[in-house]
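Here the sequence shown is numbered in the working numbering, starting from 13 and rising by one per residue. We treat Cβ as the ideally placed atom computed from N, Cα and C, and that holds for glycine. Data first, discussion second: the structure below is written as structure tokens.
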Amino acid sequence: MTTQAIADRLTELCRQGQFETAQKELFSKDAISVEPEASQGFAKETKGLDAIIKKGHQFEQMVEETHSVFISTPLVSNNAIAFALTMDVTMKGRDRATMSELCVYQVKDGKIIKEEFYM
């Protein structure tokens, strides 16, 4: 799968809120996920697809309601993908808020091997 094809599929699934499906379909088993330093109490770096999926479940449990998700058109260059993600959410025990981040992905051998988020 080309980097452009991965970007298109990743964008499609994320726009549908199917983040775990995207991970299972497009990520390498050895993928790495990197969070900003103080991001929702998550570790700076998560290694392995199973651990990344588990981190996604932990985030979902923190969300009371998702009002909307916006994914920009992806930028693609050789083995890199980037898009802006904006989520309008109500986290449990908090007021409704808009969360925005830049999501950057590294691709190798037809799979995403690294994701990194910038807020």
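Could you give the residue range of the alpha helix (DSSP H) that holds residue i?
{"i": "M74", "result": "61-74"}
{"i": "T14", "result": "First-last for T14: undefined, no H or E at that position."}
Taking only the alpha-carbon atoms, compute the straight-line gap between residue i and residue j and give it to the nearest angstrom.
{"i": "E128", "j": "F95", "result": "11 Å"}
{"i": "F39", "j": "E49", "result": "23 Å"}
{"i": "K126", "j": "R106", "result": "30 Å"}
{"i": "T58", "j": "R21", "result": "23 Å"}
{"i": "C115", "j": "L97", "result": "7 Å"}
{"i": "A55", "j": "G29", "result": "23 Å"}
{"i": "M144", "j": "K123", "result": "With the chain represented from 13 up to 131, any question about residue 144 goes unanswered, as that position is not in the structure."}
{"i": "S112", "j": "F82", "result": "9 Å"}
Pull up the DSSP beta-bridge partners for residue i, would you.
{"i": "I93", "result": "V88, Y117"}
{"i": "D100", "result": "S80, T110"}
{"i": "E57", "result": "V46"}
Could you spell out where the beta strand (DSSP E) holding residue i opens and where it closes?
{"i": "E128", "result": "123-130"}
{"i": "K41", "result": "39-46"}
Exposed or buried, which one is residue i when buried takes at least 16 other CB atoms within 10 Å?
{"i": "Q73", "result": "exposed"}
{"i": "S89", "result": "exposed"}
{"i": "Y117", "result": "buried"}
{"i": "S45", "result": "buried"}
{"i": "L25", "result": "buried"}
{"i": "E47", "result": "buried"}
{"i": "A109", "result": "exposed"}
Taking residue i as the reference, which of the options has the closest Cα?
{"i": "Q16", "options": "M99, D107, K120", "result": "K120"}
{"i": "T78", "options": "K123, V46, M13, M103", "result": "M103"}
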